[in-house]
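2 protein chains.
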Amino acid sequence: MPKFEYEVEMTCGGCSGAVTRVLNKQGDKVSNFEVKLEEKKVFVESDTLSKDDILAILNKTGKATIYVGST
Amino acid sequence: MPKFEYEVEMTCGGCSGAVTRVLNKQGDKVSNFEVKLEEKKVFVESDTLSKDDILAILNKTGKATIYVGST
Numbered sequence: 002m003p004k005f006e007y008e009v010e011m012t013c014g015g016c017s018g019a020v021t022r023v024l025n026k027q028g029d030k031v032s033n034f035e036v037k038l039e040e041k042k043v044f045v046e047s048d049t050l051s052k053d054d055i056l057a058i059l060n061k062t063g064k065a066t067i068y069v070g071s072t
Numbered sequence: 002m003p004k005f006e007y008e009v010e011m012t013c014g015g016c017s018g019a020v021t022r023v024l025n026k027q028g029d030k031v032s033n034f035e036v037k038l039e040e041k042k043v044f045v046e047s048d049t050l051s052k053d054d055i056l057a058i059l060n061k062t063g064k065a066t067i068y069v070g071s072t
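If you read the sequences in order, they're chains A and W.
Each residue of the first sequence is one higher than the one before, counting from 2 in my numbering.
Each residue of the second sequence is one higher than the one before, counting from 2 in my numbering.
Okay, here's the thing in structure tokens:
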């Protein structure tokens, strides 16, 4: 399963909590994710969502978001 | 025009910036808005969006949001 990496402009626990909440809302569509506040990085594993689907979801938080790559 | 008031869990400038960006994206649908970080309050004036439409938009940021009332 691809693991997508994003840079998300998060500056406090409220920011990372908001991103966490939005990803949790995706339910089964997201298999696993990690939100790293200090590195401003978000990793998302999904079989059903594309990198662009996830980018759109992250963008809805209103935070500046850049797709970095996948592993 | 109604002015809707919401309590939004914002804890840093990144949080309030995210809310600002999401409201700016609404374009003409939002006539005016104010984001008060320290009071955790957001005021939105709109003729075309209902209080629930705006609540849904604010909820997309992933931040806990409560509708307070309108004036």
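Idealized CB from N, CA, C, for every residue including glycine.
inquiry  = So, with DSSP's three-state summary, where would you put W/Thr12?
reply    = coil
ask   = Three or more C-beta pairs closer than 8 Å, one from the region 2-20 of chain W and one from the region 54-69 of chain W: is that the case here?
value = yes
ask   = In the structure shown, what three-state DSSP assignment does W/Lys26 receive?
value = coil
query = Candidates W/Val36, W/Glu40, W/Thr72 and W/Leu38: which alpha carbon is nearest W/Lys52's?
reply = W/Thr72
message = Tell me the DSSP secondary structure of A/Gly18 in three-state form.
response = helix
query = Should W/Val23 be flagged as near chain A, meaning a C-beta pair shorter than 8 Å?
reply = yes
ask   = What did DSSP end up calling A/Lys41 once you bin it into helix, strand or coil?
value = coil
query = Along the chain, where does the beta strand (DSSP E) that runs through A/Thr66 open and close?
reply = Thr66 to Ser71
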